[in-house]
Amino acid sequence: MHFILVGLPGAGKGTQAVNLVEKYQIPHISTGDMFRAALKNETPLGLEARKYMDRGELVPDEVTIGIVRERLQEDDCTKGFLLDGFPRTIPQAEALDGIIDSLNLNLDGVISIEVPEADLLQRLSGRRVCRSCGAAFHILYNPPHKEGVCDQCGGELYQRDDDKEEVIKNRLDVNREKTQVLKDYYNQAGLLREVDGTGEFTEVFKRICQVIEGK
Ligand code: AMP
Numbered sequence: 003m004h005f006i007l008v009g010l011p012g013a014g015k016g017t018q019a020v021n022l023v024e025k026y027q028i029p030h031i032s033t034g035d036m037f038r039a040a041l042k043n044e045t046p047l048g049l050e051a052r053k054y055m056d057r058g059e060l061v062p063d064e065v066t067i068g069i070v071r072e073r074l075q076e077d078d079c080t081k082g083f084l085l086d087g088f089p090r091t092i093p094q095a096e097a098l099d100g101i102i103d104s105l106n107l108n109l110d111g112v113i114s115i116e117v118p119e120a121d122l123l124q125r126l127s128g129r130r131v132c133r134s135c136g137a138a139f140h141i142l143y144n145p146p147h148k149e150g151v152c153d154q155c156g157g158e159l160y161q162r163d164d165d166k167e168e169v170i171k172n173r174l175d176v177n178r179e180k181t182q183v184l185k186d187y188y189n190q191a192g193l194l195r196e197v198d199g200t201g202e203f204t205e206v207f208k209r210i211c212q213v214i215e216g217k
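Counting in my numbering, the sequence shown runs from 3 upward without gaps.
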């Protein structure tokens with residue numbers, strides 16, 4: 003069960019992924035989360051990634067491919083994985099093909115969550131994330147019980163620097179064309195599955211599960 007989730011920032015990849023990996027018991031591999039963890043721990047990787055993340059730009063391919071290669075070699079990936087936020091470029095996709103081959107694994111599908119851009123802007127600017135456990139909330143669609151406080155662990159909620167409006171616009175610009183190129187790449191390989199990402203979270207979740215289960 004080896005899948006990739008693609009979609010523009012705010013399409014719901016992260017939120018859906020958390021629930022999907024719980025249901026299917028596979029590791030969730032999010033390069034964004036890996037970079038944020040490195041940044042929090044102030045590792046050399048985090049400090050390098052910060053330069054790009056703060057501007058809403060992509061971290062260079064060689065850095066990103068390196069951390070994914072290491073992660074996919076771990077034992078828990080044999081059974082399956084859900085990649086979230088990787089690959090984002092053709093060199094990353096090609097490198098991933100090589101890594102998967104070398105590990106004797108198969109990619110089962112690439113799920114693209116489709117959401118109109120006007121909705122994405124609204125979703126991203128209202129997103130708040132817990133500083134301690136990483137849980138995500140939305141000030142309109144999924145507000146915490148107490149403003150600014152995480153329901154799950156009581157941690158402080160904050161707005162990611164790259165969720166501020168001027169950075170969001172840049173992130174969408176940077177990602178729009180790249181996402182399409184990537185979808186074309188996997189479409190040609192016969193692996194692309196498009197899923198309507200609008201509507202209730204649970205509806206979108208069901209649609210994705212149907213794709214994963216081949217229904
Ligand atoms: P995300 O949480 O997936 O939106 O990622 C947050 C930021 O991390 C992005 O805006 C990029 O700066 C960086 N990042 C995450 N994944 C990648 C990737 N596959 N390639 C390059 N940069 C990435």
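Even glycine gets a Cβ: it sits at the ideal position worked out from N, Cα and C.
Residue i Cβ short of 7 Å to the ligand AMP heavy atom set
| i | result |
| --- | --- |
| aspartate 164 | yes |
| valine 183 | no |
| leucine 74 | no |
| valine 8 | no |
| glutamine 18 | no |
| proline 11 | yes |
| glutamate 59 | yes |
| glutamine 161 | no |
| threonine 33 | yes |
| tyrosine 54 | yes |
| threonine 66 | yes |
| phenylalanine 88 | yes |
| phenylalanine 37 | yes |
| arginine 250 | The structure shown does not extend to residue 250, since the chain spans only 3 to 217, so no value can be given for it. |
Residue interval of the beta strand (DSSP E) (run including residue i)
| i | result |
| --- | --- |
| isoleucine 69 | Element bounds for isoleucine 69: not the beta strand (DSSP E) but the alpha helix (DSSP H), 63-74. |
| glutamate 116 | 111-116 |
| glutamate 168 | Segment 167-190 is the alpha helix (DSSP H) holding glutamate 168; no beta strand (DSSP E) there. |
| glutamate 96 | Per DSSP, glutamate 96 belongs to no beta strand (DSSP E); it is in the alpha helix (DSSP H), 92-104. |
| arginine 130 | 129-132 |
| leucine 193 | No beta strand (DSSP E) holds leucine 193; DSSP gives it neither H nor E. |
| leucine 47 | From DSSP, leucine 47 is part of no beta strand (DSSP E) but of the alpha helix (DSSP H) over 46-55. |
| valine 8 | 4-8 |
Rounded C-alpha distance that separates residue i from residue j
| i | j | result |
| --- | --- | --- |
| proline 145 | phenylalanine 139 | 6 Å |
| leucine 98 | leucine 142 | 37 Å |
| phenylalanine 83 | glutamate 168 | 33 Å |
| leucine 22 | glutamate 50 | 30 Å |
| isoleucine 31 | glutamine 18 | 13 Å |
| leucine 7 | aspartate 63 | 18 Å |
| glycine 12 | cysteine 79 | 26 Å |
| alanine 95 | glutamate 76 | 19 Å |
| glycine 9 | threonine 66 | 18 Å |
| glycine 192 | alanine 137 | 34 Å |
| glycine 68 | valine 61 | 11 Å |
| lysine 180 | glutamate 116 | 15 Å |
| threonine 204 | glutamine 161 | 24 Å |
| glycine 216 | valine 183 | 25 Å |
Cβ neighbour criterion (16 or more within 10 Å) applied to residue i
| i | result |
| --- | --- |
| serine 114 | buried |
| lysine 15 | buried |
| arginine 125 | buried |
| arginine 130 | buried |
| proline 46 | exposed |
| aspartate 198 | exposed |
| arginine 133 | exposed |
| proline 89 | buried |
Span of the alpha helix (DSSP H) around residue i
| i | result |
| --- | --- |
| aspartate 35 | 33-42 |
| phenylalanine 88 | Unbroken run through phenylalanine 88: none, as it is neither H nor E. |
| valine 23 | 15-26 |
| alanine 138 | Where alanine 138 is concerned, there is no enclosing alpha helix (DSSP H), although the beta strand (DSSP E) it sits in stretches over 138-140. |
| valine 2 | The chain is shown from 3 up to 217; residue 2 falls before or after that span and cannot be answered. |
Closer than 7 Å: residue i CB and nearest the ligand MG heavy atom
| i | result |
| --- | --- |
| glutamine 94 | The model depicted lacks the ligand MG and carries the ligand AMP instead. |
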